[in-house]
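Okay, structure first, notes after.
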Amino acid sequence: MPQLTDLTAAVAAGKRIDTVRITQELLAAGTGPQDIVERGLVPGMAIVGEQFKRNEIFVPEMLVAARAMKEALKLLEPLLASAGIRPKYTAIIGTVQGDLHDIGKNLISMMWRGANFAVIDLGTNVSPERYLAAAKEHNANLVGLSALLTTTMPAMKDTVRIIKAAGLTGTKIMIGGAPITQAFADEIGADGYAADAGTAVDIAKKLVGQAA
Amino acid sequence: MKPRDHSFHYAAARARYEAWWQGGRLDRPPVTLYVERPGAWRGPRSHHATLHERWMDPEFQVESAVAGLEASPALGDSVPCWMPNVGPDLTSTLFGAELVFGESTSWCQHTLPDTADLERFIATPPDFANPYWRTIETMIALAADRFARRFYVALPDLHGSFDMLAGLRGPENLCLDIVDAPDLVRRASLHAARAYVEAYRRLYAQLTALGQPSTTWCSYLHEGTAYIPSCDFWCLVSREIGEELIIPSIEMEMAPLERSIFHLDGPQALQHVDTMLRLPGLNAVQWVAGAGHGPAAAWLDLYRQCRGAGKAVQVLADDADDALAVLRALGPEGVWLTVCSPFRNAGLATEFLDEVHALSA
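Residue numbers (the working numbering), protein chains in the order written: chain A, 5 to 216; chain B, 4 to 364.
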């Protein structure tokens, strides 16, 4: 019988077929879906995040790992839902108004899902009002703003201002993207900044109060 | 003593760029800069219903270009030119991509949804009758006519092979293709590179026939083939994939060029510097650190690495002080200074050019 560590290794290596097979075998052997997610899949994506931070792997390798995890989750999510189990934290993510670039936002979204956040992806060109409405609707713990263009950085500032003005005390705001820096995050009052998709998980966990 | 004339003079600028392409310098390095335009905008006002209509209106674009160029003093080696532009995904439109226009940039819709579609792509010749390409050709002809040799027409911005494929497939899908079907991606990238070369040759032929020298969005000069190869996509992949899969297409794209300056964009591209510096025939490197990544003076080691490999560098300085700091540190050989923030008036720009002269003596 395969072990949860086998599943972790399969996800980290991006082996989609092995990941699905091991997940099925673990379920058949009586391992609970929550255990499979938290002790099998999440550690696999954590390995990927660390390797990405150390420049040992790059975006293609990260994407195949996320794809493997997603295939396993297709099997597990109905079981988790029927048992009333859902991720502890909810995150909203999107690319800010005026910006149609999405690969950075998608990578963060995958890594947050891999860290067992419920992620609502608003897509690209998201207005400040849409971010705020989604944060309220989903009672979000975290809102992630992405931008690739320097010309759309002011939209990031507007979004932070509107969410802060709404007084959502339980909602933290995190920003990132090629032109973004910690100094800019401080300037516009964002709660956190992540330089890459690996770091984004650590920062997200810190912001929502979970030990990184 | 008679004050030095810093107006743009084609022959002098061309000679400075030629020395720079070769890694040297004449009286001083080439310098490109711009001055804040005084007064209100005198060009045409847009009454277009959509951004698409505005971008694709040659008459409006060329009239705007004339108004802008007439209001801007051409100083130093800043080529008084205008680049016909619908965005760099122009090359993806050769394979059916539709462009989406924003206020100042454009994107292309991904038109190859599945990996297997790359086979269809490889079997498809580029379509130079598509409306975006035809609009660019119209803009070039119209601009050359209206400019009447007062200004130059620049070669449009063209995405190379992998950026073209990323436009057609989406960058994430292309990343997965590289893992799932590397040989198919290799063949597709070479097909894309051949289309890029054909696109370049057509534009170069049109511009040459109109008596235009080689220049583009980064404002160099050369009387012959010259361009700025690039690959933004390679920021996403490892050095190994860069060398094995991407470099062959870049080499193909550079083959027709007598002069080339590589556009290296952002800290994530730095892992490919050694690979880039080994490109045969590459003359120069344009390093774009990007917002928040420091002034040009913070990147002296990178400039030295490039020059050590026999490549000239274009220094994109934040302001005059940044440019002078780099010049003092590197010396004038193989350096082209571009000041990215505007000078408040022509007098300040002239003072800066005098100082560059003095430091280059």
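Beta carbons are placed, not taken as given, at the ideal position from N, Cα and C, and that holds for glycine. None of these values were measured; they are calculated from a predicted model.
In summary, the residues of the stretch 58–77 of chain A whose CB is separated from some CB of chain B by less than 8 Å are 59, 61, 62, 63, 64, 65, 67, 68, 71, in the order they occur in the chain.
Just measuring C-alpha positions, the residue of B:124, B:20, B:167 sitting nearest residue 91 (chain B) is B:167. Chain order gives the chain A residues near residue 274 (chain B) as 59, 62, where near means a beta carbon separation below 9 Å. Look at the stretch 183–268 of chain B and you find these whole runs of alpha helix (DSSP H), each 4 residues long or longer: 185–212, 250–257.
For the stretch 154–165 of chain A, residues whose beta-carbon sits nearer than 8 Å to a beta-carbon of chain B comprise 154, 155, 157. Residues of the same chain with a CB within less than 6 Å of the CB of residue 114 (chain B), apart from the 5 flanking positions on each side, are 99, 100, 171 in chain order. Around the C-beta of residue 174 (chain B), 16 or more other C-beta atoms lie within 10 Å, and the residue is accordingly described as buried. Using a Cβ distance threshold of 8 Å, residue 342 (chain B) and residue 329 (chain B) do not count as a contacting pair. Inter-segment contact for the stretch 132–141 of chain A and the stretch 79–91 of chain A is absent: fewer than three beta-carbon pairs are separated by less than 8 Å. Judged by DSSP in its simplified three-state form, residue 82 (chain B) adopts coil rather than helix or strand. At least one C-beta of chain A is nearer than 8 Å to the C-beta of residue 108 (chain B). Burial check for residue 50 (chain B): the Cβ neighbour count within 10 Å stays below 16, so the residue is exposed. Neighbours of residue 269 (chain B) across chain A, judged by C-beta separation under 8 Å: 182. Cα atoms of residue 134 (chain B) and residue 52 (chain B): separation of roughly 18 Å, rounded to the nearest angstrom. In this structure, the alpha-carbon of residue 18 (chain A) lies about 9 Å from that of residue 48 (chain A). Look at residue 185 (chain A): its C-beta is under 8 Å from a C-beta on chain B.
Using a Cβ distance threshold of 8 Å, residue 181 (chain A) and residue 146 (chain A) do not count as a contacting pair.
Counting along the chain, the unbroken beta strand (DSSP E) around residue 290 (chain B) starts and ends at 287–291.
Under the DSSP assignment, residue 98 (chain B) falls outside any alpha helix (DSSP H); it carries neither an H nor an E label. Cα atoms of residue 274 (chain B) and residue 97 (chain B): separation of roughly 31 Å, rounded to the nearest angstrom.
For the 8 Å CB-CB criterion, residue 86 (chain B) and residue 220 (chain B) form a contact.
Using a CB distance cut-off of 8 Å, residue 104 (chain A) counts as an interface residue toward chain B. Using a CB distance below 7 Å, the part of the stretch 163–189 of chain B facing chain A consists of 174, 175, 178, 179, 181, 182, ordered along the chain. Distance from the CA of residue 163 (chain A) to the CA of residue 131 (chain A), rounded to the nearest whole angstrom, comes to 8 Å. Its chain contains 164, 251, 252, 255 as the residues whose beta carbon lies nearer than 8 Å to that of residue 193 (chain B), once the 5 sequence neighbours on both sides are disregarded; these appear in chain order.
Here DSSP, grouped into helix, strand and coil, assigns residue 24 (chain B) to helix.
Note on residue 95 (chain B): 16 or more other CB atoms within 10 angstroms of its CB, so buried under the neighbour-count rule. In the structure shown, residue 175 (chain A) falls within a coil segment according to DSSP collapsed to helix, strand and coil. For residue 111 (chain B), the secondary structure class from DSSP, reduced to helix, strand or coil, is strand. Secondary structure note for residue 299 (chain B): it is in no beta strand (DSSP E), with a DSSP letter that is neither H nor E. In this structure, the straight-line span from the alpha carbon of residue 71 (chain A) to that of residue 190 (chain B) is close to 25 Å. Bounds of the alpha helix (DSSP H) holding residue 113 (chain A) are 107–118.
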